[in-house]
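Just so you know, we're using the numbering used here here: the sequence shown kicks off at 376 and counts up by one.
We treat Cβ as the ideally placed atom computed from N, Cα and C, and that holds for glycine.
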Amino acid sequence: MKKTKVVITENADFDLTQIADWYNERNKKLIRLFLSDFKEKVKYISENPLVCEIRYENFRIAYLKKFPFGIHYFYNEEKK
């Protein structure tokens, strides 16, 4: 399966910014690790959109490996 287009909503972008700012204030290395973990999981989702479990309605969740966050996403099979 080829990569699926990923669209990050305005609300998700706001949350990501808040999380990144929090980690950045505590430790510069943490922000790099967090963003790397996040990007890795987004790449995984784009390559395997149907692998993660459906949690509610048609939304799926993929948890980051090293940080206590999950990415909630909707996969539109028609638009890929």
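Limits of the beta strand (DSSP E) - the one that residue i falls within
{"i": "I429", "result": "429-431"}
{"i": "F389", "result": "It is not in any beta strand (DSSP E) - F389 instead sits in the alpha helix (DSSP H) that spans 385-401."}
{"i": "Y438", "result": "434-438"}
Beta carbon of residue i nearer than 8 Å to that of residue j
{"i": "I394", "j": "F444", "result": "yes"}
{"i": "E415", "j": "K378", "result": "no"}
{"i": "R435", "j": "Y448", "result": "yes"}
Residues that DSSP places opposite residue i in a beta bridge
{"i": "F449", "result": "F434"}
Whole-Å CB distance - residue i paired with residue j, under 8 Å assumed
{"i": "A437", "j": "Y450", "result": "Wrong, their Cβ atoms sit about 11 Å apart, outside the cutoff."}
{"i": "V382", "j": "V417", "result": "Not a contact, Cβ separation roughly 11 Å."}
Proximity test, Cβ basis, 8 Å: residue i and chain C
{"i": "K454", "result": "Absent here is chain C; the protein component of the structure consists of one chain."}
Inter-stretch contact (C-beta, 8 Å, three-pair minimum) for the segment 392-399 and the segment 407-424: Yes, they touch.
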